[in-house]
Amino acid sequence: MHIVGFSGNLSRPSRTRTLVQAVLDEASARGLGTTALYDLIDAGPGFGQTTERSKVQPEVEAVLSAIEKSDALVVGTAVYKGAYTGLFKHMFDQFDMTALARKPVVLTATGAAPAHASVIDYHLRPLFLFFDTLVATRGLYALQPDFETPDRLVESFHARVERTVDELAQLLQVRSGKTSS
């Protein structure tokens, strides 16, 4: 299995990238598969001008192909003005509506206020349900106090990551047709 993370941010380090990486690290530690992490920087400076998949630059196509070919996704976005970032959405606008069907997806977000946690259920979840993905019930939302530094979560947050990866493991079993009794 191959699990791809995508962080919809334009800077490194970033709390959003750290959160997505934490999920990927836990999945890898459990032997769920290999992992790779991409963000908007990987799509290159001209990504915002992309209007058609057939005309994307090679660096954009590399990210799109990695997402499409993955067995599961872990996606993350920072929350601005109560929603995901525009370029995060623009990345997923490049996919055919069936390209991600039945792919397990873990939703994550970072923000400045507890009220922004609703972005997972009211913005991210509908987007990925549109693509007919297997969206994990549990999403991860992290605030600034959940990070020791931009590239390190506080230890107490890891239990939440572990519970989320528990569900990812179940979704991977469902996708592969293997279910435990």
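According to this note's numbering, the sequence shown holds residues -6 to 174 in order. We put the CB at the ideal spot given by N, CA and C, even for glycine. Computed from a predicted model, the values in this text were never measured in an experiment.
For the set Met(-6), Arg5, Lys62 and Asp32, the Cα lying nearest the Cα of Gly24 is the one of Met(-6).
Annotation for Val53: Ala36, Gly37, Phe40 and Thr43 place their beta carbon closer than 7 Å to its own, counting only its chain and skipping 5 residues before and after. If you compare the alpha carbons of Phe150, Ala55, Ala20 and Leu66 with that of Arg95, the shortest gap goes to Leu66. Cβ contact annotation for Val154 (same chain, cutoff 8 Å, sequence separation greater than five): Ala15, Val16, Glu19, Leu133 and Leu146, in chain order. Phe(-1) places its beta carbon less than 8 Å from that of Ile60. Taken atom to atom, the span from the alpha-carbon of Gly26 to that of Asp114 is near 27 Å. From the listed residues Lys48, Phe81 and Leu57, the smallest Cα separation to Thr9 is found for Phe81.
Gly104 sits away from Val56, with the two beta carbons spaced by 8 Å or more. Here DSSP, grouped into helix, strand and coil, assigns Val98 to strand.
In the DSSP assignment, Leu122 falls outside any beta strand (DSSP E) and within the unbroken alpha helix (DSSP H) covering Arg118 to Phe123. Note on Gln137: under 16 other CB atoms within 10 angstroms of its CB, so exposed under the neighbour-count rule. Within the region 6 to 53, the runs of alpha helix (DSSP H) that reach at least 4 residues and sit entirely inside it are, in chain order, 8 to 22. In the DSSP annotation of this structure, the continuous segment of the alpha helix (DSSP H) that includes Phe85 starts and ends at Gly79 to Asp86.
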